[in-house]
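**Q**
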Amino acid sequence: MTRILHRSIGPELPRAVSGDGVWITDAAGRRYLDGSGGAAVTSLGHGNAEVQAAMRAQIDAISYAHSAFFTTDAAESLADRLVGLAPEGLDHVYLVSGGSEAVEAALKMARQYFVEIGQPQRRHVIARRQSYHGNTIGALAVGGNEWRRRQFQPILPETHHVSPCYAYRDQRAGESAAEYADRLAAELEAKIRELGEDQVIAFVAEPVVGATLGAVPAVAEYFRRIRAVCDRYGVLLILDEVMCGMGRTGTIFAHTQEGVVPDLVTVAKGLGGGYQPVGAVLLSDRIYRAFAEGSGLFQHGHTYIGHPVAAAAADKVVEIMSRPGLMAHVSEMGDLLQTRLEAELGQHPHVGDIRGRGLFRGIELVADRGSKAPLDPAEKTHARIKRAAMARGLICYPMGGTIDGVRGDHVLLAPPYVIDAGEIDELVGRLVGAIRDVLG
Ligand code: PMP
1 MTRILHRSIG PELPRAVSGD GVWITDAAGR RYLDGSGGAA VTSLGHGNAE VQAAMRAQID
61 AISYAHSAFF TTDAAESLAD RLVGLAPEGL DHVYLVSGGS EAVEAALKMA RQYFVEIGQP
121 QRRHVIARRQ SYHGNTIGAL AVGGNEWRRR QFQPILPETH HVSPCYAYRD QRAGESAAEY
181 ADRLAAELEA KIRELGEDQV IAFVAEPVVG ATLGAVPAVA EYFRRIRAVC DRYGVLLILD
241 EVMCGMGRTG TIFAHTQEGV VPDLVTVAKG LGGGYQPVGA VLLSDRIYRA FAEGSGLFQH
301 GHTYIGHPVA AAAADKVVEI MSRPGLMAHV SEMGDLLQTR LEAELGQHPH VGDIRGRGLF
361 RGIELVADRG SKAPLDPAEK THARIKRAAM ARGLICYPMG GTIDGVRGDH VLLAPPYVID
421 AGEIDELVGR LVGAIRDVLG
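Each step along the sequence shown adds one to the number in full-length UniProt numbering, with nothing skipped, and position 94 is 94.
(1) In whole angstroms, what separates the C-alpha of L337 from that of V216?
(2) So, at 6 Å on beta carbons, what are the nonlocal neighbours of A27 in its own chain, with the 5 sequence-adjacent residues on each side left out?
(3) Taking contact to mean 3 or more Cβ pairs, one atom from each stretch, closer than 8 Å, check whether the segment 198-207 and the segment 241-254 are in contact.
(4) Between which two residues does the beta strand (DSSP E) containing S163 stretch?
(5) Give the C-beta separation of L264 and A106 to the nearest angstrom, bearing in mind that I take them to be a contact with Cβ-Cβ under 8 Å.
(6) Just to check, is the beta-carbon of D240 closer than 6 Å to a non-hydrogen atom of the ligand PMP?
(7) Determine the DSSP secondary structure at H348, reduced to helix, strand or coil.
(8) Helix, strand or coil, according to DSSP, for V432 in the structure here?
(9) Mark T71 as exposed unless 16 or more other C-beta atoms lie within 10 angstroms of its C-beta, in which case mark it buried.
(10) Going by the beta-carbon positions, is the gap between A75 and G306 smaller than 7 Å?
(11) At a cut-off of 6 Å, would you count M246 as near the ligand PMP, judging by its Cβ distance to the nearest heavy atom?
(12) To the nearest angstrom, report how far apart F223 and I287 are at their CA atoms.
(13) Quick check on M399: does DSSP put it in helix, strand or coil?
(14) Taking just the CA atoms, how far does P120 sit from residue 443?
(15) How about the segment 376-384 and the segment 267-276: do they share at least three Cβ pairs that are nearer than 8 Å?
(16) Tell me which residues share the same chain as L239 and place their Cβ nearer than 6 Å to its Cβ, disregarding the 5 neighbours each side in the sequence.
(17) Compute the distance between the beta-carbons of E101 and G279, then report whether it is under 7 Å.
(18) Hey, would you say the C-beta of H124 is under 6 Å away from at least one heavy atom of the ligand PMP?
(19) Could you tell me which whole alpha helix (DSSP H) segments of length 4 or greater appear in the segment 252-340?
(20) DSSP has D368 in a bridge; who is on the other side?
(21) Can P164 and Q130 be called in contact, C-beta distance under 7 Å?
(22) So, for I137: in the same chain, excluding its five sequence neighbours on each side, which residues have a beta-carbon less than 7 Å away from its beta-carbon?
(23) Could you work out which residue in G37, A110, T251, G134 is closest to R289 when comparing CA atoms only?
(24) Could you give the C-beta distance for V330 and L359, rounded to a whole number, given that I count them as a contact under 8 Å?
(25) Hey, would you say S58 sits closer than 7 Å to V309, going by beta carbons?
(26) Which one of S36, G19, A68, I4 has the shortest CA to CA distance from R430?
(27) Since I believe G250 is in contact with G334 (beta carbons under 8 Å), could you give me their beta-carbon distance rounded to a whole number of angstroms?
(28) Would you identify the three-state DSSP class for T2, choosing helix, strand or coil?
(29) Express the C-alpha separation of R225 and Y64 in angstroms, rounding to a whole number.
(30) Does the Cβ-Cβ distance between E241 and V267 come in under 7 Å?
(31) In whole angstroms, what is the alpha-carbon distance linking V317 and D20?
(32) For G143, which residues in the same chain have their Cβ closer than 6 Å to its Cβ, ignoring the five residues on either side in sequence?
(33) Exposed or buried, what is T42 when buried is set at 16 or more other beta-carbons lying within 10 Å of its beta-carbon?
(34) So which of L413, P277, A178, G214 has the shortest CA-CA distance to G99?
(35) Quick check on P349: buried or exposed, where buried means 16 or more other Cβ atoms within 10 Å of its Cβ?
(36) Could you check how far apart the C-beta atoms of M399 and G214 are, in whole angstroms? I think they sit under 8 Å.
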């Protein structure tokens, strides 16, 4: 019996003992293809010697210095690197230890910004239904996933939700992508007006929705329309790239594919690549200056912000990620993964949609392809696929999201960027086997 309170209290978990590239080996010697990089974390693969060496060098030099007293070369180098890769306008970085912390910090930055500039009446945050932004109280409140929120609802701060951009289910027959984007932008505008034109702090969204919908990109123009609505009412745009950012979709930042520059961006997961718990918020010069010229501080902080070993690991991860060729490889392998999934599963009676961008792909499972009716939640199909995949030596990330009260199942794939064509075939073969084990 384990002393750890694991996510699920149930059968004993295998013990991971080593990792190499896309592979994890357990204590019994079984090898698993890490087809989801854990939860879209393992960006560079397991056992990267350069990242390990960078961490070791930092540990040998100094492992910790509190951020109220010191900065470090590692933290400064990481911040320079991130700003250098970000679009013009995102000029500053706040370092944290993970995704939820990044979202919490971004929300507080947004609120404090309006206090600094003399608009303290602004207090509402708008996000989207069927979204996930983290499990801490503030981030959970912003998320719009009913299943994750339900029992904690009474202690969550008030937030407001509009529809996600989810073409597979919500784009109407005969409606163009531009019309659909317009409809969603109008819904956001109506919500802002309902709350009060000078009452809203921020709108929060993921460029490509990960955990709740399964790798769903927005339709073209959606983010440009959303940005325009935010600008009309002085609302800050927070893009949560904790899962889809840091190269996952074939560009270092996912939002650069949308043609917008947000006011705040959160990153984590792939930033540390699993080598260290680390996250970051990139913020615009406008927000930074409001703090600098106002109270002179950001009223926040955690013990481990800017942790030197985490920063050294992330700095090396991002340096490797931005070398010529790697993002092109992510796009190429992502296209191959999509093609192979379509070839093997495109006609499967329970596969409704195969989608995504780069090495971030989702498969939506349905009871009926024609009507798109979700599978019966009591069947817990996603959990059964996870088990069947593990039995076949594959880690994938199946989830049962909530579709307006109805649970829908999907499988998320997010393999390390070092995956090759042979390993893509292996991944698809094992996944198809697992889906067939469960759904026939
Ligand atoms: N935002 C998004 C979009 C995420 O996918 C996640 C994690 N799945 C988080 C925030 C929270 O990150 P963490 O688990 O590192 O706290």
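Glycine included, C-beta positions come from ideal geometry on N, C-alpha and C. These numbers come from a predicted model, not from an experiment.
**A** Quick answer:
(1) 15 Å
(2) R15, V17
(3) Yes, since at least three Cβ pairs between the segment 198-207 and the segment 241-254 fall closer than 8 Å, the two stretches touch.
(4) Per DSSP, S163 belongs to no beta strand (DSSP E) and is neither H nor E.
(5) Right, the Cβ-Cβ distance comes to about 5 Å (below 8 Å), so this counts as a contact.
(6) Under cutoff, so the answer is yes.
(7) coil
(8) The three-state secondary structure of V432, taken from DSSP, is helix.
(9) Classification for T71: exposed.
(10) yes
(11) no
(12) Spanning the two alpha carbons is a distance of roughly 21 Å.
(13) strand
(14) Residue 443 lies beyond the stretch modelled for the chain, which goes from 1 to 440, so this question has no answer here.
(15) no
(16) Around L239: P207, H255, P262, V265.
(17) yes
(18) H124: no, Cβ never under 6 Å from the ligand PMP.
(19) 285-293, 308-321
(20) A373
(21) yes
(22) I155, L156
(23) A110
(24) Between V330 and L359 the beta-carbon gap is near 5 Å, inside 8 Å, which marks them as a contact.
(25) Strictly speaking, residue 58 in this sequence is Gln, with Ser absent from that position. Yes, Cβ-Cβ distance for Q58 and V309 is below 7 Å.
(26) S36
(27) Right, their Cβ atoms sit about 6 Å apart.
(28) coil
(29) 44 Å
(30) Yes, Cβ-Cβ distance for E241 and V267 is below 7 Å.
(31) V317 and D20 have their C-alpha atoms roughly 16 Å apart.
(32) S131, Y132, H133
(33) buried
(34) P277
(35) exposed
(36) So it is a contact: roughly 7 Å between Cβ atoms.
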